[in-house]
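Peer 1:
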Amino acid sequence: MNLDTIKSELQANVPGCRLEIVLNPSPSAQHSLLVDAEHGFAVARFLRDASDLRFDFCSNVTGVDWPSKEISAKVKVKKIVDGVESEVEEIQKSSTQGYLEVVYHLYSQDLKSGPLPLRMRTQDRDRGVHLPSLTPIWRSAEFQEREVFDLFGVIFDGHPDLRRILMWDAFQDHPMRKDYVDPDDFEYEPTAHDQVLQRAGQHLSQAGGR
Amino acid sequence: MDEKLKTELSKQGIFATSLQELYNWGRRSSLWPLNFGLACCAIEMIATTMARYDLARFGAEVFRPSPRQADLMIVAGTVTKKMAPQVVRLYNQMPEPKYVISMGACAISGGPFKQGYNVLKGIDRYIPVDVYIPGCPPRPEALIDAFIMLQKKIDQQQLTGEDRPRHLTAGQPSEFVVPRFGAHDLEPPQNPAVWHPPLVQIAKAGTDESRHD
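Residue numbers (our numbering), protein chains in the order written: chain H, 33 to 242; chain F, 4 to 216.
Dropping the structure here:
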C-alpha cells in the first residue's frame, strides 16, 4: 500500500495526529512515516488493527542520534559605520535543536506487505527524551526498546521492564550517542594510527614519554 | 641426575626419575580445562576436543564444569567488559597450579573490537596468561600447538630454586582483583600487578624504527 494513502487513512482515523513523510533519496526509495510522540501509540495501534493495513509484525527497532547542528548564514544587516548607514554582510550563527529518533520497521504477515518504517522523535537530547513504548502493541519490540534505551537513552513510557540490556546497570553513559566519550584505555596500541595514535600518544606523554 | 646415565640405565631396563620430573609429567599429562567458551573461538575449541582433532591424545579430554576441578582456563573468545569480572572470578576459584591459554585475537588484545567501548582489550589486563594464540579464530591445530607449548612449559618448571613457578612461592597471590562495574568503565581498568604495557615507541609508529624497541 502506498505511503500517501496510509497517511491519509491515518489522518482520517486518528484525530489530531501530525504525520510527515520522510523521503529517502537513495535508489531504494524506502520512505518512512514520521509520527508525533503524543499520537505514536494510537497510530501504531491503528496500523496493527486496521483491516486493510494489518501491520502485525515489528521486525526491528533502532535509534538514531541527531545532535544539534550549527548553521551559519550570511545576512545583510544595516549598520551605522562612521555616521553613515550602510549595508554590511554578517555571518549569523544559529543552532538547531538536537533530538533522538526511534525507527520501527513494520511488516504485515497477512497481507505480505512492508516494510513500513515508522519514526518518532524526542523533543531534545537532555530532559525530553520520552517516547511512548510500542511494546504493548508489538511484543517483539520489548528487548529492542531496551537496547535503544541502553545505547541512546530514550525513555519509553509504558514499557513493562525498562532496564539496561547490554551494558551493566551502574553504567551511566549512552554509548551510541554521537557525543559519547569512550573510556581512555589506550596504554598499549601496537598498530596505532589516526585518532588512536593521537590518544595513545597522549597516554605516553602523561606517563613520562617513551 | 646425569642424562647419559639415565639413558644408559633405561637401556638396561631400569627406569630412573626425579620427583620433579614425575610431578611435572603428571600435571602436564592430565590438564583439565575449564568448560566455558565466550564467543566463536569456543566453537573451534569444541572442534579441537572432538574426534577429528582429538585433544584427548594430550590428556585434556576432561572438560570440567566447575572451576574447583579445573587447572587450565582456555579463554576462548571476546571478553566483554560485562563478562570480565566473572572470568576473573572463575580464575580465582580454580585451585593452584593453574594455567591460562588466551585463545584468539579478542582474548589477547580485544581483536577487531579493540577500539570499542564494551570489549576488554585482552584478558591479560586482569589475570596472568601463559600462552597466547593469535588468529580469528585460531584453527584447532593452533590450539593443539598452544597446548603442547604449555605442556613443555610445565615440563621445565622447577619445584625449588629461584625460577620456581608463582604458585610455589609463598606470598605470591593466587587470587587477583575482580574488577567492579563503574559508571563509565571497569574499575580498575587493569591490574597493574599483572599487566605491564609493552614498550612501544609510539612517536615512531608506522615507521621501521618503531620495531627497535
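Yeah, the Cβ is synthetic: ideal placement off N, Cα and C, and Gly gets one too.
1. What's the call for H:L138, buried or exposed, on a 16-neighbour Cβ count within 10 Å?
2. Within the continuous beta strand (DSSP E) that includes F:P143, where are the two ends?
3. Reducing DSSP to helix, strand and coil, say where H:R242 ends up.
4. Rounded to whole angstroms, what's the CA-CA distance from F:M217 to F:F61? Just pull it up for me.
5. Check for me: the alpha helix (DSSP H) holding H:L15 runs from which residue to which?
6. Roughly how many angstroms separate the alpha carbons of F:V103 and H:S126, rounded to a whole number?
7. Along chain H, in chain order, which residues have C-beta atoms closer than 8 Å to that of F:H170?
8. From the DSSP output, read off the bridge partner residues of F:V103.
9. List the residues that DSSP assigns as beta-bridge partners of H:H137.
10. How far does the beta strand (DSSP E) with F:Y135 in it reach, from first residue to last?
11. Three-state secondary structure (DSSP) at H:A105?
12. When you compare only the Cα positions, how much space is there between F:I46 and F:P36?
13. Under 7 Å, CB to CB, which of the residues in the region 151-185 of chain H have a partner in chain F?
14. So H:D142 packs on H:S165, CB below 8 Å; how close in whole Å?
15. According to the Cβ coordinates, are F:P192 and F:V180 closer than 9 Å?
16. What does F:N121 reach in chain H if we use C-beta pairs closer than 8 Å?
17. Kindly indicate if chain A contains any beta-carbon less than 9 Å away from that of F:A186.
18. Run down chain F in chain order and give the residues with a C-beta less than 9 Å from the C-beta of H:D189.
19. Could you tell me whether the region 80-95 of chain H touches the region 168-176 of chain H, where touching means 3 or more Cβ pairs closer than 8 Å?
20. If we define contact as Cβ-Cβ less than 9 Å, is H:D211 a contact residue for chain F?
21. When the Cα atoms are used, what is the spatial distance from H:L229 to F:N38?
22. How many Å lie between F:M86 and H:D158 at the Cα?
Peer 2: On the basis of the supplied data:
1. Within the first sequence, the letter at position 106 stands for residue 138 of chain H. Result: buried.
2. For the purposes of this step, residue 143 of chain F is taken as the residue at position 140 of the second sequence. Per DSSP, F:P143 belongs to no beta strand (DSSP E); it is in the alpha helix (DSSP H), P143 to D158.
3. Sequence index remark: in the first sequence, residue 242 of chain H carries index 210 (1-based). With a pLDDT of 45 at H:R242, under the threshold of 50, the predicted position of this residue should be treated as unreliable, though the coordinate-derived value follows. Note: H:R242 maps to coil in three-state DSSP.
4. Outside the shown range of chain F, which is 4 to 216, sits residue 217 of chain F, and nothing can be said about it.
5. In the structure as shown, chain H begins at 33 and stops at 242. Residue 15 of chain H is therefore absent and cannot be evaluated.
6. On the second sequence, position 100 is the one that residue 103 of chain F refers to. On the first sequence, position 94 is the one that residue 126 of chain H refers to. Rounded to the nearest whole angstrom, the C-alpha separation of F:V103 and H:S126 is 57 Å.
7. Counting from one through the second sequence, the residue named residue 170 of chain F turns up at place 167. Contact note: F:H170 does not reach chain H at a C-beta cutoff of 8 Å; the least C-beta distance is about 27 Å.
8. As a working mapping, residue 103 of chain F is identified with position 100 in the second sequence. Answer by DSSP bridge pairing, in chain order: F:M76.
9. The residue you call residue 137 of chain H lines up with position 105 of the first sequence. DSSP output for H:H137 lists H:N92 and H:P149 as bridge partner(s).
10. Within the second sequence, numbered from 1, the residue matching residue 135 of chain F stands at position 132. Counting along the chain, the beta strand (DSSP E) containing F:Y135 begins and ends at V134 to I136.
11. Taking the first sequence and counting its residues from 1, one reaches residue 105 of chain H at position 73. Under the three-state reduction of DSSP output, H:A105 falls in the strand class.
12. Within the second sequence, the letter at position 43 stands for residue 46 of chain F. Within the second sequence, the letter at position 33 stands for residue 36 of chain F. C-alpha separation (whole angstroms): 15 Å.
13. Those residues of the region 151-185 of chain H that come within reach of chain F (Cβ to Cβ, closer than 7 Å) do not exist; the list is empty.
14. Walking along the first sequence from the start, residue 142 of chain H turns up at place 110. Walking along the first sequence from the start, residue 165 of chain H turns up at place 133. With a Cβ gap of about 24 Å, H:D142 and H:S165 do not count as contacting.
15. Numbered from 1 along the second sequence, position 189 holds the residue referred to as residue 192 of chain F. Numbered from 1 along the second sequence, position 177 holds the residue referred to as residue 180 of chain F. No, Cβ-Cβ distance for F:P192 and F:V180 is not below 9 Å.
16. By 1-based counting over the second sequence, the position of residue 121 of chain F is 118. Those are L198, M199 and P207, listed as they occur along chain H.
17. No chain A appears in this structure, whose protein chains are H and F.
18. Here the question's residue 189 of chain H lines up with position 157 in the first sequence. The CB of H:D189 never comes closer than 9 Å to any CB in chain F; the least such distance is about 25 Å.
19. Look at the beta carbons and you see the region 80-95 of chain H touching the region 168-176 of chain H: at least three pairs across the two are nearer than 8 Å.
20. Counted from its first residue, the first sequence places residue 211 of chain H at position 179. Cβ-Cβ to chain F under 9 Å: no for H:D211.
21. Translated into positions along the first sequence, residue 229 of chain H becomes position 197. Translated into positions along the second sequence, residue 38 of chain F becomes position 35. Taking the CA atoms as reference points, H:L229 sits about 38 Å from F:N38.
22. Within the second sequence, residue 86 of chain F is the residue found at index 83, counting from 1. Within the first sequence, residue 158 of chain H is the residue found at index 126, counting from 1. The straight-line gap separating the alpha-carbon atoms of F:M86 and H:D158 is approximately 30 Å.
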